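K.L.:
2 protein chains.
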Amino acid sequence: MFRINKLTDYAVVLLVDMARTQRVRAAHDIAAETGVPVPTVAKVMKALVRGGLVRSTRGASGGYVLARPADRIVMADMIEALEGPIAMTACVDHADDGCEREGFCPMAGHWNRVNHAVRRALVGITLADVAGSCHPPVWANRASQGSGTSTGPRDSGGAVYLASE
Amino acid sequence: MFRINKLTDYAVVLLVDMARTQRVRAAHDIAAETGVPVPTVAKVMKALVRGGLVRSTRGASGGYVLARPADRIVMADMIEALEGPIAMTACVDHADDGCEREGFCPMAGHWNRVNHAVRRALVGITLADVAGSCHPPVWANRASQGSGTSTGPRDSGGAVYLASE
DNA sequence: TAGAAATGGGACTGATTTGGTCCCGATTTG
DNA sequence: CAAATCGGGACCAAATCAGTCCCATTTCTA
Ligand code: FES
Ligand code: FES
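These protein sequences, in sequence, are chains A and B. If you use full-length UniProt numbering, the first sequence corresponds to residues 1 to 165, in order. If you use full-length UniProt numbering, the second sequence corresponds to residues 1 to 165, in order.
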């Protein structure tokens with residue numbers, strides 16, 4: 001029903017990986033381990049840093065680490081970091097610019113209810129939950145082999161949706 | 001966080017309008033009352049009919065009516081009708097085509113949890129809820145005046161997002 | 001029976017968003 | 001100083017979306 005950005009999908013994959021190995025690692029390193037193309041990792045990381053989910057260290061031997069423990073990073077954070085600001089239709093409270101139709105809008109701010117319901121759902125799931133009971137990185141071995149650039153994804157249709165049932 | 005199609009937004013507006021006046025009305029009629037351009041109403045209605053939310057009558061004096069009472073139409077229905085099938089990433093159960101990465105995917109089907117959480121939220125809100133405590137169609141008067149074609153929306157940014165807060 | 005009124009199903013095009021890649025300046029290590 | 005990294009965009013190709021139109025089909029009404 002809702003479509004989630006492919007980049008957001010990647011973000012979750014990277015975050016899960018970071019949640020496992022709690023230490024500073026360079027982007028290319030994370031890329032190798034997850035199979036996500038390096039430039040893409042870089043792009044996603046930028047967003048993640050801006051969103052405050054990840055802390056970066058510059059300079060040689062720099063890299064990225066989770067900014068807080070995995071159980072304090074929720075789904076909503078991740079999605080927001082990648083998907084940008086947010087605000088549902090002009091109808092939503094957030095639209096600070098204000099909606100000129102508000103006075104005669106048949107919805108009259110009822111999207112808000114939907115918004116909050118969904119957000120509540122998304123706040124209820126932490127990175128720890130998602131990374132949790134997962135098989136150890138079996139695939140870590142497979143990394144750094146392959147044709148170099150685009151080993152990983154790209155095959156599976158990719159983009160993320162919201163389940164129907 | 002999630003972006004909702006503009007068409008889906010329109011769909012909700014139209015459904016709310018239909019929920020109020022429970023009788024068969026032609027597309028152009030509904031268009032006039034809501035301010036949504038006629039061709040767009042037609043397009044949305046087609047999706048709504050295919051989705052089984054609305055029943056159509058063809059021929060002269062035909063039109064559209066809600067297929068069931070408003071309190072039995074949930075947000076998830078509306079969104080699914082417009083946004084198509086659904087399934088979140090290849091990771092999701094639904095992806096019947098099966099995901100070849102499943103064996104070594106760091107998420108290992110955990111999107112499912114997210115999916116279901118969101119869907120549950122969306123199933124909990126009915127059209128009746130949304131249309132409910134709303135001011136009467138004040139704006140109905142404003143209809144059918146204006147330059148004819150694109151009176152209504154188009155001004156407000158339009159597309160729908162999911163609230164951040 | 002003929003004609004008008006509606007929906008059904010697509011085709012089509014322009015605009016917008018995404019996905020992915022690169023480049024270059026800033027920062028830190030050693 | 002040189003090497004390793006991140007930071008911030010610019011950029012372009014591909015996919016999606018939005019919005020319009022057109023024409024066949026169905027049904028009511030004169
Ligand atoms: S269109 Fe702005 S309040 Fe609904
Ligand atoms: S990518 Fe297919 S199961 Fe995760």
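Each residue gets a CB set at the ideal place from its N, CA and C atoms; glycine is no exception. Nothing here was measured: the structure is a model prediction, and the numbers come from that model.
Near V65 (chain B), which residues of its chain fall below 6 Å by C-beta distance, leaving aside the five closest residues on each side in sequence?
P.N.:
Numbered from 1 along the second sequence, position 65 holds the residue referred to as residue 65 (chain B). Contacts found: V24, R55.
K.L.:
Compare the beta carbon distance of L122 (chain B) and M75 (chain B) with 8 Å and say whether it is the shorter of the two.
P.N.:
Residue 122 (chain B) sits at position 122 when you count from the first residue of the second sequence. Residue 75 (chain B) sits at position 75 when you count from the first residue of the second sequence. A contact, by the Cβ cut-off of 8 Å.
K.L.:
For the stretch 108-122 of chain A, list every residue whose C-beta sits within 8 Å of some C-beta in chain B, in sequence order.
P.N.:
Within the stretch 108-122 of chain A, the residues whose Cβ lies closer than 8 Å to some Cβ of chain B are A108, H110, W111, N112, R113, V114, N115, H116, A117, V118, R119, R120, A121, L122, listed in chain order.
K.L.:
One question on the structure: do L53 (chain A) and D77 (chain A) come within less than 8 Å of each other, judged by their Cβ atoms?
P.N.:
Residue mapping note: residue 53 (chain A) aligns to position 53 of the first sequence, counting from 1. Residue mapping note: residue 77 (chain A) aligns to position 77 of the first sequence, counting from 1. Contact flag set, yes.
K.L.:
What's the gap between the Cα of W139 (chain A) and the Cα of K43 (chain B)?
P.N.:
In the first sequence, the residue the question calls residue 139 (chain A) occupies position 139. In the second sequence, the residue the question calls residue 43 (chain B) occupies position 43. With a pLDDT of 39 at W139 (chain A), under the threshold of 50, the predicted position of this residue should be treated as unreliable, and no value is reported.
K.L.:
Would you say M45 (chain A) reaches chain B, if we count a Cβ-Cβ gap shorter than 8 Å as a contact?
P.N.:
Translated into the one-based positions of the first sequence, residue 45 (chain A) becomes position 45. So, not an interface residue.
K.L.:
Name, in chain order, the residues that DSSP records as bridge partners for G63 (chain A).
P.N.:
As a first step, residue 63 (chain A) is located in the first sequence; it is residue number 63 there, counting from the start. Answer is A:T57, bridged to G63 (chain A).
K.L.:
What residues in the stretch 52-82 of chain B bring their beta carbon closer than 7 Å to a beta carbon of chain A?
P.N.:
Those would be M75, A76, I79, E80, in chain order.
K.L.:
From D9 (chain A) to R68 (chain A), what distance separates their C-alpha atoms?
P.N.:
Sequence index remark: in the first sequence, residue 9 (chain A) carries index 9 (1-based). Sequence index remark: in the first sequence, residue 68 (chain A) carries index 68 (1-based). About 20 Å.
K.L.:
Sort out for me which residues DSSP pairs V74 (chain B) with in a bridge.
P.N.:
Against the second sequence, residue 74 (chain B) aligns to sequence position 74. Paired residues: B:T126.
K.L.:
Hey, would you say L82 (chain A) sits closer than 8 Å to L7 (chain A), going by beta carbons?
P.N.:
By one-based count along the first sequence, residue 82 (chain A) stands at place 82. By one-based count along the first sequence, residue 7 (chain A) stands at place 7. Result yes, Cβ atoms of L82 (chain A) and L7 (chain A) sit closer than 8 Å.
K.L.:
Just the Cα atoms here: how many angstroms apart are D29 (chain B) and V12 (chain B)?
P.N.:
If you number the second sequence from 1, residue 29 (chain B) lands on position 29. If you number the second sequence from 1, residue 12 (chain B) lands on position 12. Looking at the two C-alpha atoms, the distance is approximately 16 Å.
K.L.:
In chain B, which residues lie with their C-beta within 9 Å of the C-beta of D29 (chain A)?
P.N.:
In the first sequence, counting from the first residue as 1, residue 29 (chain A) sits at position 29. Within chain B, no residue comes near D29 (chain A); the closest Cβ sits about 15 Å away, beyond 9 Å.
K.L.:
Assuming G63 (chain B) and T57 (chain B) make a contact with CB atoms under 8 Å, what is their CB distance in whole Å?
P.N.:
What you label residue 63 (chain B) is simply residue 63 of the second sequence in a count that begins at 1. What you label residue 57 (chain B) is simply residue 57 of the second sequence in a count that begins at 1. At roughly 6 Å, the Cβ-Cβ gap stays under 8 Å, so G63 (chain B) and T57 (chain B) are in contact.
K.L.:
In angstroms with no decimal places, state the Cα-to-Cα distance between T21 (chain A) and V38 (chain B).
P.N.:
Taking the first residue of the first sequence as 1, we reach residue 21 (chain A) at position 21. Taking the first residue of the second sequence as 1, we reach residue 38 (chain B) at position 38. One C-alpha to the other measures close to 56 Å.
K.L.:
Quick one: grab the DSSP three-state call for R25 (chain B).
P.N.:
Residue numbering aside, residue 25 (chain B) sits at position 25 when the second sequence is read from its first letter. Reduced to three states, the DSSP call for R25 (chain B) is strand.
K.L.:
Should A31 (chain B) go down as buried or exposed, given a rule of 16 or more other Cβ atoms within 10 Å for buried?
P.N.:
Looking up residue 31 (chain B) in the second sequence gives position 31. Counting Cβ neighbours within 10 Å, A31 (chain B) comes out buried, since at least 16 surround it.
K.L.:
Is P39 (chain B) helix, strand or coil by DSSP?
P.N.:
As a first step, residue 39 (chain B) is located in the second sequence; it is residue number 39 there, counting from the start. Of the three classes helix, strand and coil, the one that applies to P39 (chain B) here is helix, per DSSP.
K.L.:
Quick check: R113 (chain B) and D129 (chain A), are their CB atoms within less than 8 Å of each other?
P.N.:
By 1-based counting over the second sequence, the position of residue 113 (chain B) is 113. By 1-based counting over the first sequence, the position of residue 129 (chain A) is 129. In this structure, D129 (chain A) lies closer than 8 Å to R113 (chain B) by Cβ.
K.L.:
For residue 167 (chain B), which of helix, strand or coil comes out of DSSP?
P.N.:
The question about residue 167 (chain B) has no answer, for chain B in this structure spans 1 to 165.
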